[in-house]
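Here the structure comes first, spelled out in structure tokens, and everything after it is commentary.
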Amino acid sequence: CWCPAYFTGNHEEYTNKVCWISNTYYLPERSIPNTPNVIKHHISYYQWVPIVLLVQAFFFYIPCIIWRIFSDRSGININNMVEAAETIQNALYPERRDKTIKYMIRHLDHYLDYQREYRGGCCAPAKTFLAKYLCLACGNRHGNYLVGLYMTTKCFYFANTIFQLFLLNGFLGTEYHLYGFEVMRNLIQGRAWEQSRTFPRITLCDFKINNLNNVILPYTVQCVLPINFFNEKIY
Numbered sequence: 341c342w343c344p345a346y347f348t349g350n351h352e353e354y355t356n357k358v359c360w361i362s363n364t365y366y367l368p369e370r371s372i373p374n375t376p377n378v379i380k381h382h383i384s385y386y387q388w389v390p391i392v393l394l395v396q397a398f399f400f401y402i403p404c405i406i407w408r409i410f411s412d413r414s415g416i417n418i419n420n421m422v423e424a425a426e427t428i429q430n431a432l433y434p435e436r437r438d439k440t441i442k443y444m445i446r447h448l449d450h451y452l453d454y455q456r457e458y459r460g461g462c463c464a465p466a467k468t469f470l471a472k473y474l475c476l477a478c479g480n481r482h483g484n485y486l487v488g489l490y491m492t493t494k495c496f497y498f499a500n501t502i503f504q505l506f507l508l509n510g511f512l513g514t515e516y517h518l519y520g521f522e523v524m525r526n527l528i529q530g531r532a533w534e535q536s537r538t539f540p541r542i543t544l545c546d547f548k549i550n551n552l553n554n555v556i557l558p559y560t561v562q563c564v565l566p567i568n569f570f571n572e573k574i575y
């Protein structure tokens, strides 16, 4: 932060730490208004960006975890089947291609046997009743378990995307879903889109110091947030 000239080194260090933890604010005007009730756009997210990024990454990984856990219950190893299909396409020798095809056939036969065992058994009437009257149209019994799981996983991805927009909207304290339109409008109008009110580089900080005479002295200093240069590129 840019401190007054009479501040000592300890004063400057104290000012930088106070402004870092107490949040700064952004004013689009070039001069600081004298009215205390002026609308200030507070910047309170930069301390928590690493943690929020980890939370976002975890939420984006949840659908993948769901897919890996429940796809193993389908009775067919999808990864092995895909690798076998790629091996058949890239095989240079007929012997290797025939061997891989036989492996895929055995794998599919095992899957079909699993389906027949699932549809049979002593609980078959109960499973049929539940599937008929409870509208359970997806599952191993109907042979479309993977399709239903795939569509469910895609729905989780879509819901997570919408949730992330609302999360960023509350975290950044602005209408984040309109940020892209704001950047395009500034480019069309010839403005410097880097000077965004969402990720400002230069902000202001208000703090008070209580001296030995019990007189509270208010200060307003101008601070630089170089971390917002990276936050803007990330988001």
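The sequence shown begins at 341 in our numbering and counts up by one.
Glycine included, C-beta positions come from ideal geometry on N, C-alpha and C.
Rounded distance between the beta-carbons of Phe496 and Ile406, thought under 8 Å: 6 Å
Reference Tyr559; option with closest CA among Lys548, Asn568, Pro566: Lys548
Contact the stretch 556-574 vs the stretch 538-548: 3+ CB pairs below 8 Å: yes
Run of the beta strand (DSSP E) containing Pro558, from where it starts to where it stops: 556-564
Best match in Ile542, Leu565, Thr501 for proximity to Phe400 [C-alpha to C-alpha]: Thr501
Segment contact, 8 Å Cβ cut-off, at least three pairs: the stretch 501-510 with the stretch 350-359: With a cut-off of 8 Å, the stretch 350-359 and the stretch 501-510 do not count as touching, because too few Cβ pairs lie within range.
Cβ neighbours of Pro403 in the same chain (closer than 7 Å, five flanking residues each side left out): Thr493, Phe496, Tyr497, Asn500
Those residues which DSSP pairs with Lys548 across a bridge: Pro558
Cβ-Cβ distance between Gln562 and Trp342 below 9 Å: yes
Coil, strand or helix - Tyr473 by DSSP: Residue placement at Tyr473 is poorly supported in this model, since its pLDDT is 48, which falls under 50; the coordinates still yield a value, given next. Three-state DSSP puts Tyr473 in a helix.
Phe539, buried or exposed, once every other Cβ within 10 Å from all chains shown has been counted against 16: buried
Residues of its chain near Thr543, where Cβ-Cβ distance is below 7 Å and the 5 sequence neighbours each way are ignored: Same-chain partners within the cutoff: Thr364, Tyr365, Tyr366, Ile383, Cys563, Leu565.
Environment of Asn551 [buried if 16+ CB atoms lie within 10 Å]: exposed
Whether Ala425 touches Met444 by CB criterion (9 Å): yes
Thr348 - DSSP class collapsed to helix/strand/coil: coil
Every unbroken beta strand (DSSP E) inside the stretch 381-405 [3 residues or more]: 381-383
Backbone CA spacing between Asn568 and Asp453 [nearest angstrom]: The alpha-carbon atoms of Asn568 and Asp453 are separated by roughly 58 Å.
Three-state class that DSSP yields for Thr543 in the structure shown: strand
Opposing strand residues paired with Trp342 [DSSP bridges]: Beta-bridge pairing links Trp342 to Gln562.
Three-state secondary structure assigned by DSSP to Leu432: Reduced to three states, the DSSP call for Leu432 is coil.
Candidates Asn356, Ala345, Val389, of which the one nearest Leu512 by Cα: Val389
Closest by C-alpha distance to Ser411, when choosing among Lys573, Ile528, Leu486: Cα-wise, what sits closest to Ser411 is Leu486.
Contact set for Val392: own chain, Cβ-Cβ below 7 Å, skip 5 residues either direction: Phe511
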